[in-house]
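First comes the structure, then the notes that go with it.
Structure (structure tokens):
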């Protein structure tokens, strides 16, 4: 026993000596060394499956709503409530799963999210009545609210040089999920019924449960919890699978790196970081095996002096992005359905709505509409991938908000579009492309703004604010459009886009090319270097 203890002490002393001599590497340095390879591809597939499942579950209500209304004799308000409760569940789930992820780990969140979605989604297909279905879809929404955890987890495995590009690739799984659900509904609904569609739509989330044992914890989260040995083991697995080598030395946190190179430590007291100089100290806190000061909760840190500005601006950005994105989708559906009786000249294709009304034709046109509108997201994703790592997150979003406004502006005037249906379709197509592009970049930017101990919470709460935008939009925008106030609705969208762009301009710093921070203290030490 004594020999074993002495060997462990020698190993610890060697590690401490390596750190003091600078022979250590951070997670960012390790990931940059091993690059993006097979390991990250596997993580992309799992996290992407989470996004894929979320998109499928959200889209299916567009297809089962009419069937439920006919079978259960639902009113229009009852049918609308089916969608509203899902968003309400997402509102709660987005904040809850972010807190769970930052406190107990990304894997714990994944297990809870995947089980909740799978069970509640599958059981929905056996709902005996409307009330039970409402409860189960609310639970589905609570699980879907955990989507930001998937993006945060995958982000934490990507080298800084490839982060923007691969996060855009990750977002394409959402578009694939919407297309999959439309195709599935096209096959299932005419031949079987809505119960089969609900049951089959739970398969992607079942895949999350099935492959859960294969996924690792985020090494950044482990570093934030001072579990460096576990984190280094995962880094070694990444290097092995990617057939690359890690830098020499042992894994250290970014805070330890700052201490070694700057002889300073940032302590967290009541959510406010303060520098402590150890230049004249006889001992280095890094080398002492003592517990670090317990930081405040990740939720309270969002409102600390350092992060309050970022938090509020991010809420405005997500709310505006969701409001404009879903508003343009709703505007497109209103026009394509020919429901605006006072503006026939603005309908996208009145002849199509006449030929598609009633019988099976209406169902077919619904599936086709989903495919067409989903195609608008493809160029938006491509545009985001091209510019996000070249000109930065902030400039990318500002440019695409401006482009979306340019596409929408002509629709604020009472031009005679009767002979220009293609132009109307093109304007809406372009506006959705740009708003999806800003949404994609915002989902990259948000988790980059916060350090690891509060990353999932910050992104989750911001996502919750976006869900509020998605809930409010139909109440306001659709009411204006249906009430023959298209100009007012378009002006409202333009105003929201302008406010969203202004919020982006006011963010304190750009994150392109910057390392992710794994500790609150190191974030305080290095934040000044990221401000343009």
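Residue numbers (UniProt numbering): 1 to 532. Ideal Cβ positions, reconstructed from N, Cα and C, are used throughout, including at glycine. The structure displayed is predicted, hence computed values, not measured ones.
Identity of the residues DSSP links to residue i by a beta bridge
{"i": "residue 207", "result": "BP columns for residue 207 are empty, so no partner."}
{"i": "residue 251", "result": "25"}
Of the residues the options, the one placed nearest residue i, counting alpha carbons only
{"i": "residue 412", "options": "304, 494, 454, 455", "result": "494"}
{"i": "residue 135", "options": "98, 184, 299, 117", "result": "117"}
{"i": "residue 155", "options": "166, 147, 146", "result": "166"}
{"i": "residue 144", "options": "241, 112, 160, 448", "result": "112"}
{"i": "residue 225", "options": "148, 452, 140", "result": "452"}
{"i": "residue 380", "options": "409, 188, 432", "result": "432"}
{"i": "residue 439", "options": "404, 236, 251, 238", "result": "404"}
{"i": "residue 28", "options": "57, 40, 160, 450", "result": "160"}
{"i": "residue 193", "options": "507, 211, 125, 491", "result": "125"}
{"i": "residue 250", "options": "243, 500, 223", "result": "223"}
{"i": "residue 441", "options": "471, 501, 330", "result": "501"}
{"i": "residue 162", "options": "388, 122, 401, 331", "result": "388"}
{"i": "residue 377", "options": "89, 177, 133, 33", "result": "177"}
{"i": "residue 399", "options": "326, 497, 444", "result": "497"}
{"i": "residue 424", "options": "407, 437, 436", "result": "407"}
{"i": "residue 206", "options": "410, 120, 98", "result": "120"}
{"i": "residue 329", "options": "51, 211, 59, 488", "result": "59"}
{"i": "residue 510", "options": "491, 448, 463", "result": "448"}
{"i": "residue 195", "options": "238, 64, 307, 492", "result": "64"}
{"i": "residue 300", "options": "427, 430, 95", "result": "95"}
{"i": "residue 197", "options": "312, 157, 122, 390", "result": "122"}
{"i": "residue 103", "options": "311, 217, 443, 392", "result": "217"}
{"i": "residue 201", "options": "137, 97, 172, 229", "result": "137"}
Proximity of residue i and residue j at Cβ, strictly below 7 angstroms
{"i": "residue 320", "j": "residue 221", "result": "no"}
{"i": "residue 81", "j": "residue 61", "result": "no"}
{"i": "residue 92", "j": "residue 53", "result": "no"}
{"i": "residue 394", "j": "residue 316", "result": "no"}
{"i": "residue 168", "j": "residue 32", "result": "no"}
{"i": "residue 34", "j": "residue 114", "result": "no"}
{"i": "residue 148", "j": "residue 460", "result": "yes"}
{"i": "residue 87", "j": "residue 469", "result": "no"}
{"i": "residue 219", "j": "residue 231", "result": "yes"}
{"i": "residue 99", "j": "residue 457", "result": "yes"}
{"i": "residue 314", "j": "residue 39", "result": "no"}
Neighbour-count burial assignment, residue i, 16 or more Cβ in a 10 Å radius
{"i": "residue 72", "result": "exposed"}
{"i": "residue 279", "result": "Interpretation of residue 279 is limited by its pLDDT of 37, a score under 50 that renders its predicted location unreliable; the figure taken from the coordinates is listed afterwards. Under this definition residue 279 is an exposed residue."}
{"i": "residue 516", "result": "buried"}
{"i": "residue 309", "result": "exposed"}
{"i": "residue 512", "result": "buried"}
{"i": "residue 175", "result": "buried"}
{"i": "residue 303", "result": "exposed"}
{"i": "residue 243", "result": "exposed"}
{"i": "residue 89", "result": "buried"}
{"i": "residue 48", "result": "buried"}
{"i": "residue 132", "result": "exposed"}
{"i": "residue 190", "result": "exposed"}
{"i": "residue 55", "result": "buried"}
{"i": "residue 24", "result": "buried"}
{"i": "residue 467", "result": "buried"}
{"i": "residue 305", "result": "exposed"}
{"i": "residue 533", "result": "Outside the shown range of the chain, which is 1 to 532, sits residue 533, and nothing can be said about it."}
{"i": "residue 402", "result": "exposed"}
{"i": "residue 506", "result": "exposed"}
{"i": "residue 283", "result": "With a pLDDT of only 38 at residue 283, under 50, the local geometry of the prediction cannot be trusted, and no value is derived from it."}
Limits of the alpha helix (DSSP H) - the one that residue i falls within
{"i": "residue 70", "result": "61 to 72"}
{"i": "residue 510", "result": "That residue, residue 510, is in no alpha helix (DSSP H); it is neither H nor E in DSSP."}
{"i": "residue 455", "result": "452 to 473"}
{"i": "residue 237", "result": "228 to 241"}
{"i": "residue 396", "result": "393 to 408"}
{"i": "residue 102", "result": "76 to 104"}
{"i": "residue 195", "result": "194 to 201"}
{"i": "residue 177", "result": "163 to 191"}
{"i": "residue 381", "result": "377 to 387"}
{"i": "residue 412", "result": "Neither: residue 412 is in no alpha helix (DSSP H) and is coded neither H nor E."}
{"i": "residue 212", "result": "No alpha helix (DSSP H) holds residue 212; DSSP gives it neither H nor E."}
{"i": "residue 244", "result": "No alpha helix (DSSP H) holds residue 244; DSSP gives it neither H nor E."}
{"i": "residue 157", "result": "Unbroken run through residue 157: none, as it is neither H nor E."}
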